[in-house]
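*Asks:* These protein sequence lines are chains A and F, in that order. For the first sequence, the residue numbers in the numbering used here are 729 to 841. For the second sequence, the residue numbers in the numbering used here are 133 to 245. Where is the CB? At the ideal position from N, CA and C, for every residue including glycine.
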Amino acid sequence: QKEVEQNSGPLSVPEGAIASLNCTYSDRGSQSFFWYRQYSGKSPELIMFIYSNGDKEDGRFTAQLNKASQYVSLLIRDSQPSDSATYLCARIAGGTSYGKLTFGQGTILTVHP
Amino acid sequence: GAVVSQHPSWVICKSGTSVKIECRSLDFQATTMFWYRQFPKQSLMLMATSNEGSKATYEQGVEKDKFLINHASLTLSTLTVTSAHPEDSSFYICSARLRFEAFFGQGTRLTVV
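1. Less than 8 Å between CB atoms is the rule here; does phenylalanine 166 (chain F) satisfy it with respect to chain A?
2. Taking C-beta to C-beta, are threonine 835 (chain A) and leucine 739 (chain A) nearer than 8 Å?
3. Are the Cβ atoms of threonine 210 (chain F) and lysine 152 (chain F) separated by less than 8 Å?
4. Ignoring anything shorter than 3 residues or poking outside the stretch 168–220 of chain F, list the beta strand (DSSP E) runs there in chain order.
5. Quick one: which unbroken beta strand (DSSP E) runs of 3-plus residues sit fully inside the stretch 756–818 of chain A? Chain order, please.
6. What residue does the beta strand (DSSP E) around phenylalanine 235 (chain F) start on, and which one ends it?
7. Is it true that the CB of valine 136 (chain F) sits closer than 8 Å to the CB of glycine 237 (chain F)?
8. Please list the partners that serine 771 (chain A) has in chain F, where partner means a Cβ-to-Cβ separation under 7 Å.
9. Could you name the residues of the stretch 749–765 of chain A whose beta carbon sits closer than 9 Å to any beta carbon of chain F, in the order they occur along the chain?
10. Please check the pair serine 801 (chain A) and valine 839 (chain A), which I expect to be a contact at CB under 8 Å, by giving their CB distance rounded to whole angstroms.
11. Out of F:Phe235, F:Asn183, F:Gln138, F:Asp220, which has the shortest C-alpha to C-alpha gap to alanine 204 (chain F)?
12. According to DSSP, glutamine 729 (chain A) sits in a beta bridge with which residue or residues?
13. Apply the 10 Å Cβ neighbour rule to leucine 158 (chain F) and answer buried if 16 or more other Cβ atoms are within range, or exposed otherwise.
14. Quick one: is phenylalanine 199 (chain F) buried, meaning 16 or more other Cβ sit within 10 Å of its Cβ, or exposed?
15. Per DSSP, what are the beta-bridge partners of threonine 752 (chain A) in this structure?
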């Protein structure tokens with residue numbers, strides 16, 4: 729089982745809709761999770777991170793973490809064509825590997841006008 | 133946010149030659165940096181953890197003699213791909229950790245011909 733799993737998609741939503749991206753992880757000891765957006769040929773850029781159970785909102789983005797179900801999600805409200813990208817879920821290692829990110833395979837999101 | 137600068141952004145080299153990629157943290161000190169590799173349509177895979185003043189830690193399957201990492205100062209880590217071959221062609225990305233966030237360099241597109 730992969731440490732971090734995502735549905736590779738592609739996920740297609742109309743402009744203005746809510747896009748829902750999902751991620752599961754295998755290590756129950758995982759503490760913090762990150763959502764990155766990556767445009768083709770570019771480095772990932774951080775959208776938000778979450779480490780507490782529940783929801784965390786930042787503008788049009790809401791991250792949700794459920795540690796009991798080992799599930800992380802990202803909701804994008806009022807999706808825009810500029811949101812079309814690959815979204816990467818990542819967990820961060822602790823201890824001696826502190827700072828090391830393990831990425832899921834990414835979900836391709838397409839927002840069509 | 134903090135800035136991580138990676139150079140060059142792209143490089144084309146002949147098979148058998150070596151290529152050096154630099155990763156600098158511009159406005160903070162990074163005792164640890166990370167080097168990732170990303171093949172087309174795949175996610176980021178950690179290659180190694182670069183530790184200032186000590187040897188890098190390589191992930192399983194990554195040849196340490198081929199991918200030389202030097203972290204001589206708190207703001208600079210270098211990755212040298214030695215005796216590059218076409219199969220080394222990839223997108224190489226460095227990152228540095230600052231508190232809860234991991235900041236990525238712009239990435240280096242390496243093409244070996």
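*Replies:* In terms of the structure at hand:
1. yes
2. yes
3. yes
4. 177–183, 199–205, 208–213
5. 761–766, 773–778, 782–786, 789–794, 799–804
6. 233–236
7. yes
8. Ile225, Phe236, Gly237, Gln238, Gly239
9. Ser760, Phe762, Tyr764
10. Wrong, their Cβ atoms sit about 17 Å apart, outside the cutoff.
11. F:Asn183
12. Per DSSP, none; premise fails for glutamine 729 (chain A).
13. exposed
14. buried
15. A:Glu733, A:Tyr799
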